[in-house]
Amino acid sequence: ERSYLSISVYRLAEDDIVNKLEQYSNGMWISSLGLVVCFLQIGSAFYLPGLAPVTYCSDAKNNVNCKTSTMVYVNRLNTVENIVPYEYHNFDFCVPDKDVANSPSENLGQVVFGERIRPSLYTMVFNEKIECKTVCEKSYKPDKKNEAEKMTFLKEGIKLNYQHHWILDNMPITWCYIVESGEKFCSIGFPIGCYVTSAGRRKNTCITLADFNTPDTYYLYNHVDIVVEYHSLNKEDLGPQNTGIGGRIVAVKLTPRSIDNGNKKDEESCASNLPVFGIPGESKKEITIKYTYSVEWKENNQIKWTSRWDYILESMSHTNIQWFSIMNSLVIIVFLSGMVAMIMLRTLHKDIARYNQIDNMEDAQEEFGWKLVHGDVFRPPRKGMFLTVLLGNGAQLFFMTLITLVFACLGFLSPANRGALMTCALVLYVCLGTPAGYVSARMYKSFGGEKWKSNVILTAFFCPGLVFTIFFLLNLVLWGYGSSAAIPFSTLVALLALWFGISVPLAFLGAYFGFRKKPIDHPTRTNQIPRQIPEQSFYTRPLPGIVMGGVLPFGCIFIQLFFILNSIWSHQTYYMFGFLFLVFIILIITCSEATILLCYFHLCAEDY
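Positions in the sequence shown are counted from 1; adding 1088 to them yields the working numbering.
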């Protein structure tokens, strides 16, 4: 998070000052002291990632720098049992009349990731306790088609365990509970409800309470108890004219409850002794749902605003497994490095021994092993055009990944800065069209290719076009389901504008410089007549080579890949970019060494 801090930066060039003072006479010490003072500067620094803190106070009339009230924002709902997320209003929850007009602006990354942040009716005032406040009431009559469809959709959401994702002060509202291991886990989402099957089997959170026991019943969490913890500020921070108390929010936790409040009054409708609210699977009666909430503010000076995300991230800590992943990757590197070193030493040893045994020039002309194909290894491949296109796009993806990981490790892409990771990746990919065009054109020219126009066009359009086509088809499916993950038409136009307006011209520019360069010089001359390739062993055939070339790099990254995919599908926060960057470096080394080994085995088999 971006925290503006006033600090004193003392730029003292100690060595230079000492040398200067030794050179000056006693009469010049005042001038030297003045020079030192010039080096003392007052500066301001800030932590770049995230947003600036928001201060809340009970009396904001005399202080324009603090707020008295805030609002809960709701995000799209999703589940691990279904890949289709939906917006908050699709489940017919309580929404403001004009929620779209007041929705916060979303960046490109948020829209692509499917985030749909909307305002809600859950409002609160700083340090003001709320007891069982009614948000709204919803009634569903089975004889009305529209209301019956809404109830069916709500039941399906409960059955599939769809999760709420609420936000307060740019921070996820968490549901903290004790897991089987006895540790406290804080989830950034909480379920709509839970379902008990017709056979009486309690699913998901229904196992937490014995009252959830009626077969074929959908239990709805229609009440939430919200606890807002804040770090208090002194009067100097709030301003001399402020007479109330103030602070910054450092944690927001809630507990969902299912309450059958019926016709109870507001102050009585949230008591802990009330029965749970269940919706029968088959019901011909009118169903009325009353949504309520309570808010309690607690002072917590143990947590600072700058570290308020720690309790969320610590719940998802898997440091031991991460170190195991690193050790696993290092073992693979040591294994490959040993094989490469053994091959190099063995090859050099044999070459030196053979050179020492040469008695005449006829023996010197005899070639052996991989040297038999030295006149064919630089022969242009049959699909040279396609290979260079993939090389260019690979270079573009490589630099995009590298720069994105560097920014993430430096903290610029923190979880508080929503959508920053995807936005950064998209912008970098678009702006790195020049390396793609340059690498593709340079390699294509070295292969002796002459269709430079086709090469540039394929480099700029083939891989991005393939990905965009798949993306567009999936988007059509999501549109058909009415999902919140469906990208709006305006965003599709923006992506096309970035592609055609920035990436394609940069790819042409890179290709222009690539074709102007001289072809890469080969150390040996290519024979006019291609050498016949002998029958290959099993391990040098294409399919086994593909498997062997992919298994070892995959072995280095599969644990990190598990955490990344788990974060995407389980809708958790991924923040272990330091481990990811280290594994990325290991992956590069592994790919390089695996390539050396595969090339050596193929050349020894005379398969150029």
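Every residue, glycine too, gets a C-beta built ideally from N, C-alpha and C.
This one's a predicted model, so the numbers in the text were calculated from it and none came from an experiment.
On the CB-based measure, 16 or more other CB atoms within 10 Å of its CB, does residue i come out buried or exposed?
i, result
"Ala1682", "buried"
"Trp1385", "buried"
"Gln1251", "buried"
"Tyr1627", "exposed"
"Arg1204", "buried"
"Met1432", "exposed"
"Leu1653", "exposed"
"Glu1268", "exposed"
"Asp1257", "buried"
"Ser1534", "buried"
"Asn1704", "Residue 1704 lies beyond the range of the chain shown here (1089 to 1696); nothing can be said about it."
"Gly1270", "exposed"
"Val1555", "exposed"
"Gly1335", "buried"
"Asn1310", "buried"
"His1437", "exposed"
"Cys1687", "exposed"
"Ile1617", "exposed"
"Val1565", "exposed"
"Gly1525", "buried"
"Lys1459", "exposed"
"Tyr1098", "With a pLDDT of 30 at Tyr1098, under the threshold of 50, the modelled position of that residue is not reliable, and no figure is offered here."
"Asn1166", "buried"
Leaving out five residues on either side along the sequence, give the residues of the same chain with a beta carbon under 7 angstroms from the beta carbon of residue i.
i, result
"Gln1410", "Met1664 and Phe1667"
"Thr1511", "Asn1195, Leu1196 and Gly1197"
Can you list, in chain order, the residues of its chain whose CB lies under 6 angstroms from that of residue i, leaving out five sequence neighbours each side?
i, result
"Thr1579", "Val1199"
"Phe1179", "Leu1242 and Gly1245"
"Ala1548", "Val1592 and Ala1595"
"Val1518", "Leu1586, Ile1590 and Ser1591"
"Cys1551", "Asn1481"
"Gly1568", "none"
If I'm right that residue i touches residue j with Cβ under 8 angstroms, what's the distance once you round it to whole angstroms?
i, j, result
"Tyr1379", "Cys1224", "6 angstroms"
"Asn1215", "Ser1146", "5 angstroms"
"Gly1603", "Trp1657", "Checking the sequence shown, residue 1603 turns out to be Phe, not Gly. That pair is no contact at about 44 angstroms."
"Val1364", "Phe1278", "Not really, about 16 angstroms apart at Cβ, beyond 8 angstroms."
"Ile1400", "Ile1276", "7 angstroms"
"Ser1346", "Gly1288", "About 18 angstroms; that fails the 8 angstroms criterion."
"Val1338", "Trp1263", "Rounded, the Cβ-Cβ distance is 17 angstroms, inconsistent with contact."
Leaving aside the five residues before and after residue i along the sequence, list all residues of the same chain whose C-beta is less than 8 angstroms from its C-beta, in chain order.
i, result
"Leu1418", "Ile1674"
"Val1477", "Ser1528, Asn1543, Leu1546, Thr1547, Phe1550 and Cys1551"
"Gly1463", "Thr1612, Arg1613, Thr1614, Asn1615 and Arg1619"
"Leu1640", "Ile1420, Leu1424, Thr1678 and Ala1682"
Spell out the partners DSSP gives residue i in its beta bridges.
i, result
"Thr1262", "Lys1341"
"Met1159", "Thr1211"
"Asn1166", "Gln1251"
"Ser1275", "Trp1263"
"Thr1305", "Val1284 and Pro1368"
"Arg1206", "Val1162"
"Val1314", "Reading the sequence as shown, one finds Ile at residue 1314 and not Val. BP columns for Ile1314 point to Leu1342 and Val1383."
"Tyr1144", "Lys1155 and Gly1335"
"Cys1220", "None; Cys1220 has no bridge partner."
"His1319", "Arg1336"
"Thr1376", "Ser1227"
For residue i, which of helix, strand or coil comes out of DSSP?
i, result
"Asn1234", "helix"
"Cys1358", "coil"
"Ile1647", "helix"
"Thr1285", "coil"
"Val1581", "helix"
"Val1364", "coil"
"Cys1182", "coil"
"Lys1243", "helix"
"Thr1614", "coil"
"Glu1450", "Residue confidence for Glu1450 is low, a pLDDT of 49 falling below 50, so the modelled location carries little weight; the figure read from the coordinates is stated next. Glu1450 falls in the helix class under three-state DSSP."
"Glu1225", "strand"
"His1177", "helix"
"Lys1471", "coil"
"Arg1290", "strand"
"Leu1520", "coil"
"Leu1493", "helix"
Is residue i near the ligand ATP, with its Cβ less than 8 angstroms from a heavy atom?
i, result
"Ile1171", "Absence of the ligand ATP from the depicted structure is noted, as is the absence of any ligand whatsoever, leaving it without description."
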